Every structure is written in C-alpha cells, then in structure tokens.
Amino acid sequence: MNNLFRNHASYATALTIAAGVGLTLAGCATAPISPEGSADVRAKLTQLQSDPALATNAPAAIREAEAAVRTAEEPLAAADASLGTHRVYIADRKVEIAMAQAATKQAELQRVKLGEERERARLAARTREADAAHAEADATRAAAAGAATQAALQAEDMQRQIDALQAKATERGIVLTLGDVLFTSGRADLKVGAAGNLDRLVAFLDQNPDRRVVIEGHTDNVGSDDSNLGLSQRRADSVKSFLVQRGIAAERIVASGKGEHQPVADNQSEGGRQQNRRVEVIIENPAPVAETT
Amino acid sequence: MNDRSAFGRALRPLIAASLAGVLMLVGACASAPLRPDSALDGARVAISNADKAGAGQYANAELAEARARLTLADNAVRVEDMVMAERYARESQVQAELASARTAAAKAEAVNRDIERGTEAMIEEMKRAGDQR
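Quick note, the sequences are listed as chains A and B, same order.
First residue of the first sequence: 0, per numbering that gives the first Met the number 0; consecutive thereafter.
First residue of the second sequence: 0, per numbering that gives the first Met the number 0; consecutive thereafter.
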C-alpha cells in the first residue's frame, strides 16, 4: 500500500518534471527565425535610405523606422508567428510614414523653386502688360478708357506728364504757365521756337481726351487797358489755334484775354512785368463722373 | 495511523506539484495583460487626427484600414484577448499616422501642382497676348 502510494507519487513528480522539460524543449523545437516579411521591409527602408535627396528630408522618421525594422527582424519561435506579423506590420507602416514625410518635405523644398519661377513669369507678364498698355495709349487712348488696369497706369502716367509739363496741380486743374517766351513783345503771333513749349501740352491733351483747357492771356500794365485786353485775347487765341492745328478739338478749348488785371508780380520792376506777361493754360480736372456700381 | 502518515508523505510531492501548478496559473493570471487602454486611446486619437487633416479625401484607404484595425482591437477586448487587442490597437494607430503622413504629402504636392499650373497659365496667356500684337 505504502509502496504503491510512493510509486504513484514519484510517478506524478516525474510526470510533472517531464512535462516541464517537454514544454521547454517544445520552445526550442524549431530554431527561431526572422519573421516572414521582415526582409521586404528592410529592403524598402534601404531603398529610402539610399535615396540621398529623400533620406535627409525625414531623419527622425527614418530613425524610428530603422528601430521598428530592427525589432521586426528579431528572430522569433514559430509559436510567436503572430507577434512577428505584428512587428512587420508596424515596421512597414513606419517606413511608409518616413517615405511620405520625405516626399512632403521634398515638395516643400521644390515649392521655393516653383515660387521663384512663378514670380519670374508674373514679372514678365507685367512688363509685357505695361508695354502693351503704353503702345495702346499711344495709338488710341479712347479705346482703352474702360480698362481698370489702365486707370491705375493712367494715374501714374498723369503725374509723370504733369511733371513733364512743369505744371502745378491746383484746385482749378493743372495750371501751366508759359512765360513771355511764346511771343515777341507787343505781338500776338507765336514765336518760331514756341512750338517746342506747346508740344508737350499737345501730347498731354492727346493722351487725356477728357480734359478741357482754358487758355488765359495776361499782360503787364504797360500800354492802355484796352490794348492790353485785346493783346491778351489775341495771344490766347493764337495758342488755341495752334492747338487746334495740332489736332485738339476746338470745343475743348476756351481762350480768354484777361489784360493786365491779374498780375502775379509787381509791375514796378522789369522782372515783375516779365512775370506778368504770360499765358496760363489751365487744364481742367475731369468732370466728376457719376459712380457706377 | 501509520498508514495515514505514509499516505501523507506520499502525497507531499503531489501537493507540491499541484501547488507549483497553481502558482504558475496565478502567475499567468497576474501577467495576463489588462485592457490596453492607452494603445486603444492612441489609435482613436491618431484616427481622429488623420480624419481632421483630410485623410478621408487624400488617404481614404489608409484611414479605412486604421478604423478596421481598431474594430479588430475592440473585438479582441470583447473576447478578452488583450494581447491581440493591444497589437491591433498599435497597428491601427500607426496606420492612422500613415494616413496623416500621406495626406500631408498629397496636399503638399497638390499645392505645387497648383503653382505650376498657375505659372503655365501665365506663360500661355503671355504668349497669346504676344501673338495678338
């Protein structure tokens, strides 16, 4: 009886030990190998790393991918196949993330270059537009009147033209004072050299067909009031007819003689009288146009 | 009496063996993973981020797979296979991160294409304007 129990007991013990050893052996039954798919992931990572342009774009993500791939490559027993599959999955996605990040960075780097290209094209387009606008303006201003872009260009042009006329912008409009360079003393016909002074005015009126002009003749106080009034009127008329000859519509021009009554300087001195003998060309501001919205 | 003590002595190894077995079982229970909450949360956050970033438009397949993995993780939790639950959750998260990364790349490339197209259009326009003159 005693023996029987003892035998049973030792049998049980042996069995327990055997089972334990068996389990341990089973673990070692197949040699651990790198999980299936880990080689593919490694190849993918190597490809990314060997692309010099991309590899430098996402260093942190590539490091992370590298660590994940290394984990995936750890040999596992056949029993742990599902862990291997998991690790390969993670490593694969990490490599893909690194690739996507590198591509993003690449696109951002490229964008700088694309931006520069666009800027060059835009600049070329603008230059061309401006040239076209000028050419058109020279040909016919009227045709271009509606274009909004031209309006901006015109405003810029205007200032340049006013500057070229050596005129002053005042409340009445742009006032161009032509000294006594236009006329010989006492005469109302234009001097030969006067045309040059008036050419700029003609050009301005050509380019601004909506502008009307008032031509005012002024004299000094030498001579009778009547004769000065007549002379100033004739001189104003001379300027008007010159402009009409040069193609400016007569309806746009009003000529008036003011005589000696609006001096700009003291008539006591020769210098003052010289300043008073003048023709003022007032280019009226365009009539305010009703807002069209 | 004698018999009894002999019986007791005979039982001792058995008791020891079963004790060891019980201990092993207890040990196994102790190390049995709890619900992988942080991994599950990580996956949910990553999916939500990808969704917000526009992955639905730019990386829909990746986003769908991330969601499918999260479902697998939830299912594993239900059958108390916490090991698999954690794996699926981690896979879901990394997949969602990939969806985000691919979305960012697709967006960046789309922006570049727009710029390129704009530049080309401008050059085209310029050529046409030049031909008209």
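Quick reminder that beta carbons are idealized off the backbone N, C-alpha and C, glycines included.
All figures in this text were calculated on a predicted structure; none of them were measured in a lab.
So with CB distances below 8 Å, who are the chain B contacts of residue i?
{"i": "residue 96 (chain A)", "result": "93, 96, 97 and 100"}
Can you list the residues of chain A that residue i reaches, using a CB-CB cut of under 7 Å?
{"i": "residue 81 (chain B)", "result": "Within 7 Å Cβ-Cβ: nothing; residue 81 (chain B) doesn't reach chain A, min ~14 Å."}
{"i": "residue 86 (chain B)", "result": "85"}
Which residues bound the alpha helix (DSSP H) around residue i?
{"i": "residue 176 (chain A)", "result": "Unbroken run through residue 176 (chain A) is the beta strand (DSSP E), 172-177; no alpha helix (DSSP H)."}
{"i": "residue 40 (chain A)", "result": "37-48"}
{"i": "residue 283 (chain A)", "result": "Where residue 283 (chain A) is concerned, there is no enclosing alpha helix (DSSP H), although the beta strand (DSSP E) it sits in stretches over 277-283."}
{"i": "residue 61 (chain A)", "result": "58-72"}
{"i": "residue 50 (chain B)", "result": "36-52"}
{"i": "residue 61 (chain B)", "result": "59-77"}
{"i": "residue 53 (chain A)", "result": "51-54"}
{"i": "residue 235 (chain A)", "result": "224-244"}
Residue i touches chain A at which residues, Cβ-Cβ below 8 Å?
{"i": "residue 70 (chain B)", "result": "Those within 8 Å of residue 70 (chain B) in chain A number zero; the least Cβ separation is about 16 Å."}
{"i": "residue 110 (chain B)", "result": "106 and 110"}
{"i": "residue 89 (chain B)", "result": "85 and 89"}
{"i": "residue 103 (chain B)", "result": "99, 100 and 103"}
{"i": "residue 107 (chain B)", "result": "102, 103, 106, 107 and 110"}
Determine, using beta carbons only, whether residue i and residue j come nearer to each other than 7 Å.
{"i": "residue 97 (chain B)", "j": "residue 96 (chain A)", "result": "yes"}
{"i": "residue 101 (chain B)", "j": "residue 99 (chain A)", "result": "yes"}
{"i": "residue 170 (chain A)", "j": "residue 215 (chain A)", "result": "no"}
{"i": "residue 258 (chain A)", "j": "residue 231 (chain A)", "result": "yes"}
{"i": "residue 219 (chain A)", "j": "residue 186 (chain A)", "result": "no"}
{"i": "residue 63 (chain B)", "j": "residue 95 (chain B)", "result": "no"}
{"i": "residue 105 (chain B)", "j": "residue 38 (chain B)", "result": "no"}
{"i": "residue 175 (chain A)", "j": "residue 166 (chain A)", "result": "yes"}
{"i": "residue 53 (chain A)", "j": "residue 101 (chain A)", "result": "yes"}
{"i": "residue 245 (chain A)", "j": "residue 201 (chain A)", "result": "yes"}
{"i": "residue 91 (chain B)", "j": "residue 68 (chain B)", "result": "yes"}
{"i": "residue 65 (chain B)", "j": "residue 99 (chain B)", "result": "no"}
{"i": "residue 106 (chain A)", "j": "residue 108 (chain B)", "result": "yes"}
{"i": "residue 114 (chain B)", "j": "residue 117 (chain A)", "result": "yes"}
{"i": "residue 121 (chain B)", "j": "residue 132 (chain A)", "result": "no"}
{"i": "residue 68 (chain A)", "j": "residue 41 (chain A)", "result": "yes"}
{"i": "residue 256 (chain A)", "j": "residue 235 (chain A)", "result": "yes"}
{"i": "residue 282 (chain A)", "j": "residue 173 (chain A)", "result": "yes"}
{"i": "residue 49 (chain A)", "j": "residue 72 (chain A)", "result": "no"}
{"i": "residue 93 (chain A)", "j": "residue 64 (chain A)", "result": "yes"}
{"i": "residue 262 (chain A)", "j": "residue 275 (chain A)", "result": "yes"}
{"i": "residue 125 (chain B)", "j": "residue 127 (chain A)", "result": "yes"}
{"i": "residue 247 (chain A)", "j": "residue 204 (chain A)", "result": "yes"}
{"i": "residue 72 (chain B)", "j": "residue 58 (chain B)", "result": "no"}
{"i": "residue 111 (chain B)", "j": "residue 108 (chain A)", "result": "no"}
Tell me where the beta strand (DSSP E) around residue i begins and ends.
{"i": "residue 254 (chain A)", "result": "252-256"}
{"i": "residue 111 (chain A)", "result": "It is not in any beta strand (DSSP E) - residue 111 (chain A) instead sits in the alpha helix (DSSP H) that spans 80-138."}
{"i": "residue 213 (chain A)", "result": "212-217"}
What residues from chain B crowd round residue i, counting only those whose CB sits closer than 7 Å?
{"i": "residue 92 (chain A)", "result": "93, 94 and 97"}
Checklist entry - For the segment 100-132 of chain A, which residues have a CB atom closer than 8 Å to at least one CB atom of chain B, in sequence order? => result Result list: 100, 102, 103, 106, 107, 109, 110, 113, 114, 116, 117, 120, 121, 123, 124, 127, 128 and 131.
Checklist entry - Listed from N- to C-terminal order along the chain, which residues in the segment 110-125 of chain B have their beta-carbon within a distance smaller than 8 Å of any beta-carbon of chain A? => result Of all residues in the segment 110-125 of chain B, 110, 111, 114, 115, 117, 118, 121, 122, 124 and 125 have a Cβ within less than 8 Å of some Cβ in chain A.
Item to check | Contiguous alpha helix (DSSP H) assignments of at least 4 residues, all confined to the segment 76-113 of chain B | outcome: List check, alpha helix (DSSP H) in window: nothing returned.
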